[in-house]
Ligand SMILES: [Zn+2]
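Printed below as a string of structure tokens:
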């Protein structure tokens with residue numbers, strides 16, 4: 400019998416509703432459902448003071464901002480390991496609590512220039528104000544030399560949306576010019592990609608990955624503020640100086656030799672040189688059936704890199720399942736932050752109190768709650784503290800490529816990146832709302848607290864693709880990622896939003912993201928209890944949740960599940 404997603408989905412919801420109601424009126428739980436009494440005791444172990452104590456330690460100056468491969472890393476991973484041992488958890492990687500993550504830091508010499516030949520002549524562009532370039536290749540010199548340029552629109556190969564910008568095209572050795580975001584965002588047409596909400600295909604990371612898969616030698620994304628969701632200064636600032644990468648076996652030689660961004664003005668000028676109109680082609684690129692356009696121009700750029708290799712560590716602890724220990728529910732939070740910057744005047748330490756000492760505190764509190772249960776859940780629970788999230792999700796990406804536990808046996812992941820420090824909220828936000836069946840697990844748990852679940856108010860900014868769970872999602876593992884609500888129980892929504900905005904402008908990724916003993920952790924406690932409930936259900940079920948039909952990670956999940964059968 401062919402069953403639709405809905406068929407499989409609705410019985411599940413009703414089962415959860417029964418369980419949810421059982422929680423309100425004791426004694427009504429169906430026989431199969433574990434009684435809620437042990438659940439309540441475990442939930443009570445989650446307390447604000449415990450969260451604060453962890454944050455106070457990890458965000459102290461002693462930990463020096465928890466930079467990967469710094470003395471602060473050693474303190475952090477020792478602290479986490481000691482906590483996990485104290486709780487009686489098992490090492491999560493064989494005999495070890497850590498997984499070594501090989502990193503390379505590449506610094507591009509800013510003397511690089513970009514020259515374009517052909518069309519109406521030759522043009523040169525200036526590094527910084529007009530373009531940015533780097534290479535992921537671990538090599539002292541990389542270059543493109545007279546590489547033919549092709550405009551590939553959004554540079555997306557998205558079978559589930561019936562879209563292929565590289566169809567019938569051979570870009571080996573060529574330089575591709577790519578638009579940021581995706582056709583759905585550009586047109587607001589709900590029938591294209593995911594409409595206004597950004598998809599994976601809209602992220603710059605994807606575009607460089609796809610260009611590499613296609614064999615391109617060079618890849619440049621055209622920056623536009625609205626679809627990128629940030630101004631050129633952010634591109635220029637974040638791609639300057641030392642850039643961390645993972646090192647693949649081929650020293651990243653499968654990546655394009657030169658990757659980069661050009662400003663909108665630079666793009667318009669290059670297209671004009673080719674006798675093309677950028678704005679017209681940009682619009683055509685979001686029409687179905689768009690064909691890539693050879694630009695009859697040649698790009699040249701050469702780059703000198705200085706290379707520094709280092710190692711960092713992911714941390715894992717395991718609570719083995721009682722019945723199906725080879726199936727895993729994952730809680731994750733990045734332990735790293737930006738470290739110490741000796742060139743700064745005054746405070747040099749990026750304490751990363753909210754980002755992400757709070758998430759790690761939640762992770763430890765969840766572990767504490769699970770070990771307090773009389774009986775471990777049926778499935779195993781993995782507590783995963785990732786490294787180098789701030790450097791581009793590197794620890795989680797390394798794990799995704801070098802997994803300790805197979806994706807097909809991984810039930811779901813719940814990622815915590817920044818907890819609520821503003822007290823109780825009447826709501827909670829799901830980032831990437833509508834993508835996976837995990838939304839319904841969270842809704843049920845939220846209903847038990849009388850809270851409302853809200854979609855991400857800015858789906859076009861692609862926040863779902865900007866934290867560690869995304870690397871697991873790419874492997875098909877359904878992943879839940881939330882943001883604290885904004886509707887403060889005490890002060891209302893306007894106040895809630897104002898707190899969030901103030902944090903973003905005043906403290907986010909700044910040395911002033913410091914611990915404050917006056918934080919109100921009552922809302923974070925609610926959230927951790929929600930995550931506990933969600934994980935507890937997942938860990939006692941036998942089904943594997945999936946992505947919704949038509950989302951970009953569905954095919955990967957279906958493929959791993961098919962292999963399993
Ligand atoms: Zn973070």
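Numbering (my numbering), first residue to last: 400 to 964. For every residue, glycine included, the Cβ atom is placed at its ideal position computed from N, Cα and C. All values derive from a computational prediction rather than experimental measurement.
Looking at residue j and residue i, is the spacing between their C-beta atoms short of 8 Å?
i	j	result
residue 730	residue 869	no
residue 532	residue 573	no
residue 442	residue 768	yes
residue 348	residue 946	As displayed, the chain neither begins before 400 nor continues past 964, which places residue 348 out of reach and without an answer.
residue 799	residue 759	no
residue 718	residue 775	yes
residue 817	residue 753	yes
residue 813	residue 933	yes
residue 582	residue 568	no
residue 958	residue 875	yes
residue 895	residue 691	no
residue 576	residue 548	yes
residue 743	residue 470	no
residue 535	residue 709	no
residue 858	residue 779	no
residue 466	residue 472	yes
residue 884	residue 839	no
residue 912	residue 750	yes
residue 922	residue 755	no
Considering just the uninterrupted stretch of the beta strand (DSSP E) at residue i, what are its terminal residues?
i	result
residue 520	520–525
residue 706	692–718
residue 870	Segment 868–873 is the alpha helix (DSSP H) holding residue 870; no beta strand (DSSP E) there.
residue 533	530–533
residue 540	540–550
residue 782	778–785
residue 507	497–507
residue 643	641–645
residue 828	826–829
residue 811	809–814
Closer than 7 Å to a non-hydrogen atom of ligand 1 - does that hold for the CB of residue i?
i	result
residue 831	no
residue 641	no
residue 788	yes
The alpha helix (DSSP H) with residue i in it runs from where to where?
i	result
residue 453	447–457
residue 672	663–672
residue 617	Taken as a continuous stretch (DSSP letters only), residue 617 belongs to no alpha helix (DSSP H), being part of the beta strand (DSSP E) at 617–621.
residue 482	470–486
residue 899	891–905
residue 632	631–637
residue 514	Not the alpha helix (DSSP H): residue 514 falls in the beta strand (DSSP E), residues 512–517.
residue 624	624–627
Does DSSP classify residue i as helix, strand or coil?
i	result
residue 428	Because residue 428 sits at a pLDDT of 34, beneath the cut-off of 50, its placement in the model cannot be relied upon, and the following sentence gives the value as read from the coordinates. Of the three classes helix, strand and coil, the one that applies to residue 428 here is coil, per DSSP.
residue 411	A caution first: residue 411 carries a pLDDT of 31, below 50, which makes its placement in the model unreliable, though a value can still be read off. Note: residue 411 maps to helix in three-state DSSP.
residue 1012	The question about residue 1012 has no answer, for the chain in this structure spans 400 to 964.
residue 562	strand
residue 420	Low per-residue confidence applies at residue 420: pLDDT is 34, beneath 50, and the placement is therefore not dependable, though the value from the model is reported in the following sentence. Three-state result, residue 420: helix.
residue 587	coil
residue 433	Any answer about residue 433 is weak, because its pLDDT of 46 lies below 50 and its placement is not dependable; what the coordinates show is given next. Reduced to three states, the DSSP call for residue 433 is coil.
residue 579	coil
residue 843	helix
residue 887	strand
residue 614	coil
residue 848	coil
residue 402	Caution applies to residue 402, whose pLDDT of 28 falls short of 50 and renders its modelled position unreliable; the value that the coordinates give is listed next. Coil.
residue 944	coil
residue 660	strand
residue 726	strand
residue 920	coil
residue 955	helix
residue 939	helix
Which residues have their C-beta within less than 5 Å of a heavy atom of ligand 1, listed in chain order?
754, 755, 816
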